[in-house]
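In our numbering, the protein residues as written are 1 to 249. Ideal Cβ positions, reconstructed from N, Cα and C, are used throughout, including at glycine. These notes concern the structure reproduced below.
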Amino acid sequence: MGAPTERLRHGRGVTPTPNPPINRGVSSSSSPPSASRLGLLSPSRTLLACGVAAPLLALATTLGAMAAYPGFNPARQYLSELGGASASQPLIFNAGVFVAGVMAAAAGCGFGLAIVTLTRARLAGALTALVFVLAGWGLTQAAIYHWPDRRHLAINLALGIQLAPLLLLWGLWPRRDLARLKAFLALVFVAMAVLTVLTKHLVAPHLVNDDNVGWWERGYAIILVGWVGVAAFALQRSLRFQATATKTA
1 MGAPTERLRH GRGVTPTPNP PINRGVSSSS SPPSASRLGL LSPSRTLLAC
51 GVAAPLLALA TTLGAMAAYP GFNPARQYLS ELGGASASQP LIFNAGVFVA
101 GVMAAAAGCG FGLAIVTLTR ARLAGALTAL VFVLAGWGLT QAAIYHWPDR
151 RHLAINLALG IQLAPLLLLW GLWPRRDLAR LKAFLALVFV AMAVLTVLTK
201 HLVAPHLVND DNVGWWERGY AIILVGWVGV AAFALQRSLR FQATATKTA
């Protein structure tokens with residue numbers, strides 16, 4: 001018993017058990033990115049800056065357009081009317097929406113690159129970018145073709161951003177250091193799902209009516225656009241930390 005005991009004590013004669021595949025996957029996702037992915041850090045952070053700025057631009061545009069629209073009723077009127085024929089300065093709203101659409105598309109590419117950089121989930125990254133690019137295209141078309149032009153309805157493509165939190169959750173799932181961001185994304189998805197059910201009159205049909213539809217639309221828009229800025233900022237920080245860790249490694 002003495003010799004085997006000594007070998008065990010000093011680690012000799014013991015074959016180490018390899019990590020299960022799932023553990024290797026988790027540990028590799030938290031390790032510094034490879035040289036090929038390292039090159040994506042800078043463009044990812046730059047594009048994500050558009051995601052941080054886009055909600056602020058949308059808010060400033062909306063407030064400015066409302067201020068330039070005497071008699072605008074925020075409770076009963078839709079946001080699209082700020083860029084329609086009845087608005088005194090429709091260019092304020094339409095120009096802001098157009099730029100916000102371009103920034104949304106850029107932010108989507110940033111999200112996609114961030115996912116690839118952090119977890120190598122190329123499919124999730126590509127689908128996330130696609131959702132944002134389509135949303136950005138819808139916003140730019142809505143800014144060019146004003147309500148009640150039927151082509152303005154391309155803005156409904158922006159609602160595809162509702163799927164983005166789920167796609168980001170999928171792509172970032174292996175990252176244990178992003179637990180708070182993932183919880184936030186799940187909460188945002190649930191909130192948007194609830195608002196969709198209510199505003200489509202699928203539940204409590206009398207809750208949203210002509211006297212308050214404007215407030216519901218604004219609340220929905222704040223969540224739909226606002227979460228993008230929060231998620232983009234969080235991923236920027238994660239990428240910055242990743243870059244610092246790689247340089248000091």
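Beta-carbon separation of L178 and L185 under 7 Å?
no
Helix, strand or coil for N209, going by three-state DSSP, please let me know.
coil
Using the Cβ count rule (16 or more neighbours within 10 Å means buried), how would you classify T62?
Of the residues assessed, T62 falls on the buried side of the cut-off, its CB having 16 or more other CB atoms within 10 angstroms.
Report the rounded CA-to-CA distance for L127 versus G112, giving the unit in angstroms.
8 Å
Would G138 pass as a contact of I155 if the rule is Cβ separation under 7 Å?
yes
Inspect the beta-carbon positions of G108 and F93 and report whether they are closer than 7 Å.
no
Could you check if A87 is buried or exposed, using at least 16 other CB atoms within 10 Å of its CB as the buried criterion?
buried
Since A254 and V133 are thought to touch, with beta carbons under 8 Å apart, how far apart are those beta carbons, to the nearest angstrom?
Within the shown structure, residues of the chain are numbered from 1 to 249, placing residue 254 beyond reach of any answer.
Which term fits A65, buried or exposed, when burial requires 16 or more other beta carbons within 10 angstroms of its beta carbon?
buried
V26 to V116, Cα distance in whole Å?
Interpretation of V26 is limited by its pLDDT of 36, a score under 50 that renders its predicted location unreliable; the figure taken from the coordinates is listed afterwards. Straight-line spacing of the CA atoms in V26 and V116 works out to 15 Å.
What residue from A183, F72, L130 and A142 has the CA that sits closest to G160's CA?
Of A183, F72, L130 and A142, the residue nearest in Cα terms is L130.
Are there 16 or more other CB atoms within 10 angstroms of the CB of P55, so buried, or fewer, so exposed?
buried
Going by CA-CA distance only, name the one from Y220, A121, A221 and V194 that's closest to L168.
A121
Please go through the same chain and pick out, in chain order, the residues whose beta-carbon is closer than 6 Å to the beta-carbon of R151, but skip the five residues on each side of it.
Y145
Can you say whether G229 is buried or exposed, counting buried as having 16 or more other CB atoms within 10 angstroms of its CB?
buried
Whose CA, out of V190, G101 and E81, lies closest to the CA of D149?
Per the C-alpha coordinates, the member of V190, G101 and E81 positioned closest to D149 is E81.
Checking 7 Å against the spacing of the C-beta atoms, do V52 and F233 come in under that value?
Closer than 7 Å, so yes.
In whole angstroms, what separates the C-alpha of S36 from that of A243?
With a pLDDT of only 49 at S36, under 50, the local geometry of the prediction cannot be trusted, and the value read off the model is given with reservation. Rounded to the nearest angstrom, the two C-alpha atoms are 13 Å apart.
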